Structure formats: C-alpha cells, structure tokens
Amino acid sequence: MPKNDTPVIQNIQSPRKNILVSDERVSDIENWLRELDHTALLDWEKLPDIGLYMDQVLTLMDRQLNFYKRSEDDKILTKAMINNYTKDGVLPRPIDKKYTPDHLALISLVCALKPVVSISDLGTLTDAALQGSTEQELYELYLQIQEEAFKDARLQVLNELEPLKRSSQEGSVPAKDRRRMMADIALRLSLEARVRVMMAQKIMDAIGK
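The numbering of the sequence shown is numbering that gives the first Met the number 0, which starts it at 0 and goes up by one.
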C-alpha cells in the first residue's frame, strides 16, 4: 500500500489557550465603555491661564488624560517627553518657563495622538492645522472629534458585546468560546484602526510635502 506523504497540518496552539473569560470581565468592559462619557478633559475656558510650571503641567495632564491609560502605572506624559516635543518643534517653547493654555491645548492633542502618529507627522499635522486657526479652535475641534469618535466606537462595541452577554446569561456560550468571540471584536477594532492610520499617513505625506 503506497505511503501517504501528505503532511499533516496542525494548529499551533498558544500556551494561553486555556484562559477563560468570565462574565465579570465582560461586565467590566461594558462599565468602562459607559464611563468614557465622563472624561476629565477641560473645556478651553477652564484651562489654567496663569501660566504653569513643568511640574504643574504634569500634574494637570495626568489628571486630565487619565482615561487614556491602559493601567495606573502608565505614564501619559513626562518632563523628558515635553522637552523632546519642544526640541522637535511640535510644541512652542515655554514663556519664562511657564506653559500657557496654548501649550496645554497642544500637549493634550499630542498625548492623544502619539500612540498612532509619529513625532514628525505630529509636527506636520499641528503646523498645518494651525494655519488660519488658533490653538483654541484646534483644541475645541479636538474635543469635538474625540467626543464623536468615543460615541461611535462605544456604541459599536456595546452592540457587539450584547449578543455575547445575552448568550452568556442563557448559558449557551462556554467561557473558552467567549474569549474567542471577544478576540474577534478586538481584531476588528485593531484592523479598522490600522486602515484609518494608513489613510491619515497618506494625507499627512501630502500636506507635509
């Protein structure tokens, strides 16, 4: 009888394959999504206008941008980061070592975008966005766009979690399948984000040149 040389294809299993996702984990994500309505971002009129020293800026930004953190140990902003952004021309130099609302507005925007936009692209983006606009107008546009993005993405994820939550309550989805279904949601969000970043980079190449 001829020998079958057809290779056997096996799935490569991760050592994490037996991790289970509990109902509490799903509920935690839902609660976090709903709390995103209550970010600490200040309106322009409430930004301190007395001029803040570096340490005061770091304290304010840590409080204002806390919702960006993945964990409490994350550092959203450091003194070295501010100095580098200034050196690279993304931020204007402080006035007598003090930072104005204009600085605070740009720092907030930079902290929001730095995970997805390079420093050079940030410089291009803020420079072009401020042509014919003020820092206040750019900051208010940032708040508006981010609020809309939060609203749309939150609704999308809550809708995708609902069937998972409902089936879990009915006992029709084992914990191991719940993990895969949540991975599908994370994969979709990640790929959608990647495509949008790619398109944003193409536009920034155009305005940069």
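Each residue gets a CB set at the ideal place from its N, CA and C atoms; glycine is no exception.
Here the structure is a predicted model, which means the values were calculated and not measured.
Asked, Found
"Which residue from Thr77, Asp61, Arg187 puts its Cα closest to that of Glu71?", "Asp61"
"From Val25 to Ala185, what distance separates their C-alpha atoms?", "13 Å"
"Our contact map puts Ala111 next to Tyr141 with C-beta atoms below 8 Å; I'd like the distance itself, whole angstroms only.", "7 Å"
"Do the CB positions of Glu147 and Asp101 come within less than 7 Å of each other?", "no"
"Which word fits Thr123, buried or exposed, when buried means at least 16 other C-beta atoms lie within 10 angstroms of its C-beta?", "buried"
"Starting from Lys68, trace the alpha helix (DSSP H) in both directions and tell me its first and last residue.", "First-last for Lys68: undefined, no H or E at that position."
"Could you work out which residue in Leu105, Ala199, Ile28, Arg178 is closest to Ser132 when comparing CA atoms only?", "Leu105"
"Identify the continuous alpha helix (DSSP H) that holds Leu124 and give its terminal residues.", "118-128"
"What distance in whole Å lies between the Cβ atoms of Leu157 and Glu29, which are believed to be in contact at a cut-off of 8 Å?", "7 Å"
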